[in-house]
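A.B. asks: Let me give you the structure first, and then I'll get to my questions.
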Amino acid sequence: MLGQVDISKRQSEISDLVQKAGFASVEELADRFEVTTQTIRRDVNRLCELGILRRTHGGVEPPAPASNIHYSTRQILNLPEKQQIANLVASKIENNTSLAFSIGTTPEIVMQALTANEKLAIFTNNLNVAFSASINPSFQVTIAGGRLRHGDRDVLGSAAQAFFSNYKVDVGIFGVAGVDEDGTLLDFHEDEVAARQSILANCRKSYLVLDHSKFGRSAHVRGGVLSDVDAIFTDRPVPPAILSGLKGTQTRVYVAGTPSV
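Counting in the numbering used here, the sequence shown runs without a single skipped number right up to 243 at its last residue.
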């Protein structure tokens, strides 16, 4: 992956625990992982330096929801889970399929899982996806033009929206920053929502790919609801409160390692 940083398995687990709980003290984390408070402080310092967590009185909490974590950091968070999701999605994609990919780390990892396929047509505003797709010479890769966001290596704005509207693809694959308890899809920027909605409007099947940490995660820009998509691919069962909103809809849920519902 381009520009990837690294954290330890324990640091990744600390991040996951704090994201779920909303707060954890150094002492609690030391007891949980059976290490010294000095070791936990080093782990916490690393996670705060990367913007994954932030210090607060007596411990750590998730970062403020006003902006997303840097892309290179998001690439390594819940990586095994994202790879499981990617392999599940890849099992549903046949050769000679056209696909639109949005921004985000999970769509990028899905693309990496598809590189053994043949003759895929890829349309994307995500340069990380385009780079991964370019490894296979049988793929046709078309990218959006416009202003590049340097950290995320993607193109947003009216150019990206118009780009996706120029094509009708078999499958649209996109992620999301968070899912509220009522099933609302959330992102950090209006342009991110607009690009995702353009993919949704111009694909025959829509696949939302997201790991478990996105359920209940806060972001402030609305962008549709879970039932807008044809299929949800994740790594753990969808929380019951959110899943109940899908009753009576055509949206299918695929959980890596379990039967679909």
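Think of the CB as a built atom: it goes at the ideal place given N, C-alpha and C, for glycine as much as any other residue.
Can you give me the start and stop residues for the beta strand (DSSP E) that GLN232 sits inside?
C.D. replies: Position 250 of the sequence shown holds residue 232. Note, GLN232: premise wrong, no beta strand (DSSP E); not H, not E.
A.B. asks: Spatial neighbours of ILE117 within its chain, please: C-beta separation below 6 Å, excluding the five flanking residues on both sides.
C.D. replies: For the purposes of this step, residue 117 is taken as the residue at position 135 of the sequence shown. Only THR97 meet the Cβ criterion.
A.B. asks: For GLY4, which residues in the same chain have their Cβ closer than 8 Å to its Cβ, ignoring the five residues on either side in sequence?
C.D. replies: For this step, residue 4 is matched to residue 22 along the sequence shown. Once the five neighbours on either side are set aside, the close Cβ partners of GLY4 are GLU43, PRO44.
A.B. asks: In the DSSP output, which residue or residues are listed as bridge partners for GLN122?
C.D. replies: Here residue 122 corresponds to residue number 140 of the sequence shown, with the count starting at 1. DSSP output for GLN122 lists ALA103 as bridge partner(s).
A.B. asks: DSSP state of ASP152, grouped into three classes?
C.D. replies: Here residue 152 is taken as the residue at index 170 of the sequence shown, counted from 1. Strand at ASP152.
A.B. asks: In this structure, how does DSSP classify ASP169 when only helix, strand and coil are distinguished?
C.D. replies: Here residue 169 refers to the residue found at position 187 when the sequence shown is read from its first residue. Strand, per DSSP.
A.B. asks: What are the start and end residues of each continuous alpha helix (DSSP H) run of 4 or more residues lying completely inside the segment -13 to 50, in chain order?
C.D. replies: Runs found: -9 to 3, 8 to 15, 19 to 31.
A.B. asks: Ends of the beta strand (DSSP E) at ALA213?
C.D. replies: Locating residue 213 in the sequence shown gives position 231, where the first residue counts as 1. Per DSSP, ALA213 belongs to the beta strand (DSSP E) from 213 to 216.
A.B. asks: Taking the alpha carbon of THR233 as the reference point, which residue from VAL220, SER209, ALA223, GLY227 has its own alpha carbon closest?
C.D. replies: Locating residue 233 in the sequence shown gives position 251, counting from the first residue. Nearest of VAL220, SER209, ALA223, GLY227 to THR233, Cα basis: SER209.
A.B. asks: Based on the DSSP output, what are the partners of ARG199 in its beta bridges?
C.D. replies: One-based indexing of the sequence shown puts residue 199 at position 217. None; ARG199 has no bridge partner.
A.B. asks: Looking only at its own chain, which residues have a Cβ that is under 6 Å from the Cβ of ARG238, when we skip the five neighbours before and after it?
C.D. replies: Here residue 238 is taken as the residue at index 256 of the sequence shown, counted from 1. Per the sequence presented here, residue 238 reads as Ala, with Arg not at that position. If we look at ALA238 and ignore the five residues flanking it on each side, its Cβ neighbours are GLN66, ILE67, LEU70, ASP217.
A.B. asks: What's the C-alpha gap between LYS64 and SER73?
C.D. replies: One-based indexing of the sequence shown puts residue 64 at position 82. One-based indexing of the sequence shown puts residue 73 at position 91. If I take the Cα positions, the gap works out to 14 Å.
A.B. asks: Provide the residue span of the beta strand (DSSP E) that contains LYS64, from first to last.
C.D. replies: Here residue 64 is taken as the residue at index 82 of the sequence shown, counted from 1. No beta strand (DSSP E) holds LYS64; the alpha helix (DSSP H) holding it covers 61 to 72.
A.B. asks: For ALA82, report the span of its alpha helix (DSSP H) as first-last.
C.D. replies: Within the sequence shown, the letter at position 100 stands for residue 82. Here ALA82 belongs to no alpha helix (DSSP H); instead the beta strand (DSSP E) covers 80 to 83.
A.B. asks: In terms of DSSP beta bridges, what is VAL137 paired with?
C.D. replies: To locate residue 137, count along the sequence shown from 1; it is residue 155. Paired residue(s): LEU130.
A.B. asks: Leaving out the 5 sequence neighbours to the left and right, which residues in its chain are closer than 7 Å to GLN143 when beta-carbon positions are compared?
C.D. replies: Reading the sequence shown from its first residue, position 161 is the one you call residue 143. Excluding sequence neighbours, GLN143 sits near ALA176, ALA177, SER180.
A.B. asks: Whole angstroms is fine: what's the gap from ALA223's alpha carbon to ASP162's?
C.D. replies: Here residue 223 corresponds to residue number 241 of the sequence shown, with the count starting at 1. Here residue 162 corresponds to residue number 180 of the sequence shown, with the count starting at 1. Each residue's alpha carbon lies about 10 Å from the other.
A.B. asks: Using the C-alpha atoms, what's the distance from ILE85 back to VAL151?
C.D. replies: Numbered from its first residue, the sequence shown carries residue 151 at position 169. Numbered from its first residue, the sequence shown carries residue 85 at position 103. Approximately 17 Å between the Cα atoms of the pair.
A.B. asks: Can you tell me which of the three DSSP states ASN184 falls into?
C.D. replies: Working through the sequence shown from its first residue, we reach residue 184 at position 202. Coil, per DSSP.
A.B. asks: Measure the CB-CB distance between ARG28 and ILE(-11) and report whether it falls below 8 Å.
C.D. replies: The residue you call residue 28 lines up with position 46 of the sequence shown. The residue you call residue -11 lines up with position 7 of the sequence shown. Yes. Within cutoff.
A.B. asks: Is the number of C-beta pairs between the segment 123 to 131 and the segment 90 to 109 that are closer than 8 Å three or more?
C.D. replies: Taking 8 Å as the limit for Cβ pairs, the verdict is that the segment 90 to 109 does touch the segment 123 to 131.
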